[in-house]
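Inspection log for the structure reproduced underneath, given as structure tokens.
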Amino acid sequence: MKSVSVTLKNISKVFKGFEGNDIRAVDDVSFNVNPGEFVTLLGPSGCGKTTTLRMIAGFETPTKGKILIGEKDVTFIPPWKRDIAMVFQSYGLFPHMSVGNNVAYGLKMRKVDKNKIKEQVSSILELVGLKGFEHRPPSSLSGGQQQSVALARALVVEPSVLLFDEPLSNLDVLLREQMRVEIRRIQKKVGITTLYVTHDRTEAMTLSDRIIVMNNGKIMQIGSPNEVYEKPNSKFVASFMGKIAFFPVEINAVEPGSIKVTIKGKELILKKGIKISENVKYVLGCRPEGLYLTAPKKGHIEGRVLTNVYLGNYVESYVETEFGEIMVKTEAGTSGGFEEGAAVSVVIKEELAKLIPDD
Ligand SMILES: Nc1ncnc2c1ncn2[C@@H]1O[C@H](COP(=O)(O)OP(=O)(O)OP(=O)(O)O)[C@@H](O)[C@H]1O
Ligand SMILES: [Mg+2]
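Right under this line is the structure:
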């Protein structure tokens, strides 16, 4: 399969609201998806993910900016001339057509030879794990299977770019996990350039080569799942990627490979520091796995265990502190656990703490 890049240059989309007001759905967004890459647009409801995807598909025209597929400027080209396929949250299958005919639809429109269609349909159904389902009506399939048919229908026409808008939102949790792995496997196998929209960070982490975190129509950060989780560039991204506690911090000394900071008069030496800019205020960010509990100890954050939540292999302890409620994760069965109501100290694991620009 041919793989092409997708490029957005300073794309904005302004809708007219009912009161004649301007709704800036997408605000000066620029990014590049490399050939064969899997990139996810991640962000809260209303941040402009779907609008961005619809502009790439050609269902919306940008108010400003340019969209390129490969080298070609497609900004004002209609959807059917863009060589793109899209998979939606509501599978959008034709209910009166068999699974086989649903998948064959795009090929028939392209006047592909009958025998060739049969061959391609059966091979693509095998790829998505639905071998032999040709004659079934879509209504006789589970939600996950119907979404697989929608995926087969998108792939069979061999588009240059595949777009997904929350394709797994209608499925139950277990099926969603299964389908994630499936989508990743198929995308890698086919090597198709893919842009995926979700508000589910776990989904974004599992699937993507790179994640674009959006908020209020703007890009907050672009990076690998590891980068956006481990090196968030803002409190927004840090919190959106997972539970995190923030502590006020003073930076004392920046040395090669380490940064000395104080929190509550106690000095910590951070190893994996980010680049520190002079005029930026920072907070210290600690994820639940970067903290642990001890018996009350001078110089650490004092607190009291409010609630313990048992989750099989680990326990989440919610601890009341002067910095608000903090969640600490402890492996079940280890000595790190304390009863609800117990007075404790929260200790920061220096090697896992990160400096994050205060926004
Ligand atoms: N056709 C439209 N007319 C007016 N406003 C619109 C239109 N389409 C989207 N919007 C607004 O643009 C903003 C972004 O919407 P969009 O659908 O892109 O968000 P999203 O990130 O996909 O959200 P969700 O996760 O809820 O699907 C929202 O405030 C929305 O109300
Ligand atoms: Mg949406």
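Taking this note's numbering, the leading residue of the sequence shown gets 571, the next gets one more, and so forth.
Glycine residues also receive a C-beta, built at the ideal position from the N, C-alpha and C atoms.
Next item on the list: Answer yes or no: does any C-beta atom of chain B fall closer than 8 Å to that of residue 738?
Entry: Structure shown: chain B not included; a single protein chain is present.
Margin query: Is the separation between the beta-carbon of residue 887 and that of residue 925 shorter than 8 Å?
Written below: no
Note to self: Rounded to the nearest angstrom, what separates residue 673 and residue 627 at their Cα positions?
What the structure shows: 20 Å
Note to self: Looking at the strands, I want to know which residues DSSP matches up with residue 656.
What the structure shows: 733
Check: Using CA coordinates, which residue listed in 611, 572, 607, 909 is at the minimum distance from residue 764?
Finding: 607
Notebook entry, point to check: Do residue 731 and residue 576 come within 8 Å of each other at the CB atom, strictly closer than that value?
Noted result: yes
Check: Based on the DSSP secondary-structure assignment, which residues constitute the bridge partners of residue 910?
Finding: In DSSP, residue 910 forms no bridge with anything.
Check: Going along the chain, which residues of its own chain have a beta-carbon closer than 7 Å to the beta-carbon of residue 773, five neighbours each way excluded?
Finding: 738, 750
Margin query: Taking a contact to mean a Cβ-Cβ separation below 8 Å, would you say residue 834 touches residue 928 in this structure?
Written below: no
Margin query: Three or more C-beta pairs under 8 Å: does that hold for the region 775-795 against the region 605-620?
Written below: yes
Next item on the list: Return the bridge partner residues of residue 888 from the DSSP annotation.
Entry: 877, 897
Check: Under a criterion of Cβ closer than 5 Å to any non-hydrogen atom of ligand 1, which residues qualify, in chain order?
Finding: 585, 593, 595, 615, 616, 617, 618, 619, 620, 621, 769
Margin query: Considering only their Cβ atoms, is the gap separating residue 814 from residue 821 smaller than 8 Å?
Written below: no
Next item on the list: Look at the alpha carbon of residue 531 and the alpha carbon of residue 615, and state the distance between them as a whole number of angstroms.
Entry: Outside the shown range of the chain (571 to 929) lies residue 531, about which nothing can therefore be said.
Notebook entry, point to check: Between the beta-carbon of residue 920 and the beta-carbon of residue 840, is there less than 8 Å?
Noted result: yes
Note to self: What does DSSP give as the partner residue(s) for residue 924 in the beta ladder?
What the structure shows: 855
Note to self: Using the three-state DSSP reduction, which class does residue 823 fall into: helix, strand or coil?
What the structure shows: strand
Check: So what's residue 595 in DSSP terms, helix, strand or just coil?
Finding: strand
Check: In or out: residue 823 buried (at least 16 other Cβ within 10 Å) or exposed?
Finding: exposed
Notebook entry, point to check: Is the distance from the Cβ of residue 923 to the Cβ of residue 854 below 8 Å?
Noted result: yes
Next item on the list: Measure the alpha-carbon distance for residue 726 versus residue 632 and round it to whole angstroms.
Entry: 29 Å
Notebook entry, point to check: So what's residue 815 in DSSP terms, helix, strand or just coil?
Noted result: strand
Note to self: Buried or exposed for residue 758, going by 16 or more other Cβ atoms inside 10 Å?
What the structure shows: exposed
Notebook entry, point to check: How would you call residue 736, buried or exposed, if buried means at least 16 neighbouring beta carbons within 10 angstroms?
Noted result: buried
Item checked: Closest residue to residue 648 among 641, 657, 637 (Cα-Cα distance) -> 637
Margin query: Considering only their Cβ atoms, is the gap separating residue 874 from residue 907 smaller than 8 Å?
Written below: no
Notebook entry, point to check: Rounded to a whole number of angstroms, what is the C-alpha to C-alpha distance between residue 587 and residue 640?
Noted result: 34 Å
Notebook entry, point to check: Name the DSSP beta bridge partners of residue 780, please?
Noted result: 609
Check: Do you know how far the Cα of residue 679 is from the Cα of residue 708?
Finding: 20 Å
Check: Which class does residue 721 belong to by DSSP, given the choice of helix, strand or coil?
Finding: helix
Next item on the list: Name the residue from 804, 917, 894 whose alpha carbon lies nearest to the alpha carbon of residue 859.
Entry: 917
Next item on the list: Can you have a look at residue 718 and say buried or exposed, based on whether 16 or more other CB atoms are within 10 angstroms of its CB?
Entry: buried
Margin query: If distances are taken between C-alpha atoms only, which option among 572, 604, 619 comes closest to residue 594?
Written below: 619
Next item on the list: Can you tell me which of the three DSSP states residue 576 falls into?
Entry: strand
Next item on the list: Measure the C-alpha to C-alpha separation of residue 795 and residue 771 and round it to an integer number of angstroms.
Entry: 9 Å
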